[in-house]
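In terms of this note's numbering, the sequence shown has 413 at position 50, counting the first letter as 1, and numbering is strictly consecutive.
Even for Gly, the Cβ is constructed at its ideal location relative to N, Cα and C.
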Amino acid sequence: MTLRPILIHPDPRLKAKADPVAEFDRDLAALADDMLETMYDAPGIGLAAPQLGILKRVLVMDCVKEENATPEPMVLINPTVIEASEDLSVYEEGCLSIPEQYAEVERPAVVKVEWTDLAGKQVQQEFDGLWATCVQHEIDHLNGKLFIDYLKPLKRQMITRKMQKLKRELARGAKNGRS
Ligand SMILES: [Zn+2]
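Set out below in structure tokens:
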């Protein structure tokens, strides 16, 4: 397993629509392992392949947050929301590609998602609570959409400018031999 660098917004790869996965091979399993390791290390509760610059419809998540609770790593390939509740819920969302920025986003409270697992089997499951928000946030990534796209333009521009500044600082740090 390998930790992979996470892209920081703005980046054209975070705005692109990812391609469906067709081959359920060892490379895909290795990618899923790397994604889980990278997500837990960050730490985060979800990660989509485009955040690593890989434009494939793969996401991982684990919304178990309580300490000492058993982890529930999930790998979803080619996921789609097939049913969404009219009830909405609001969560303060963040994103590993937009570090340290949080904002409330309203989404369906319960969603039914269909996807393919690593063995190539079709799976359907209903998600609620934090899991519902997380799976929708990650599926958005596969369509080139970020949680800040739900915010008012002014707030979105403010966050984008902060991220541009952060990226300049990171680039300078890397040049000076810091990481
Ligand atoms: Zn995200």
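Beta-carbon proximity of GLU456 to PHE510, cut-off 8 Å: Yes, they are a contact pair.
Beta carbon of ALA405 nearer than 8 Å to that of GLY507: no
Opening and closing residue of the alpha helix (DSSP H) in which VAL498 lies: 492-505
Candidates ILE417, THR433, ASP491 and MET402: closest to LEU391 by CA position: Out of ILE417, THR433, ASP491 and MET402, ILE417 has the C-alpha closest to the C-alpha of LEU391.
Cβ-heavy atom distance, LEU459 to ligand 1, below 7 Å: yes
Candidates PRO413, ASP397 and THR401, of which the one nearest ASP382 by Cα: PRO413
Assigned secondary structure, LEU529 (DSSP; H/G/I helix, E/B strand, else coil): Residue state, collapsed to three classes: helix.
Close beta carbons around ALA395, own chain, < 7 Å, minus the five adjacent residues each side: Here the set comprises VAL421, VAL423, VAL438 and LEU481.
Close-in-space but distant-in-sequence residues of the same chain around ALA432 (CB under 6 Å, 5 per side omitted): none
PRO442 - DSSP class collapsed to helix/strand/coil: strand
Delimiting residues of the alpha helix (DSSP H) encompassing LEU481: Here LEU481 belongs to no alpha helix (DSSP H), and DSSP marks it neither H nor E.
Nonlocal neighbours in the same chain, by C-beta distance under 6 Å from ALA466, ignoring five residues either side: LEU514
Terminal residues of the beta strand (DSSP E) in which ALA411 lies: 409-411
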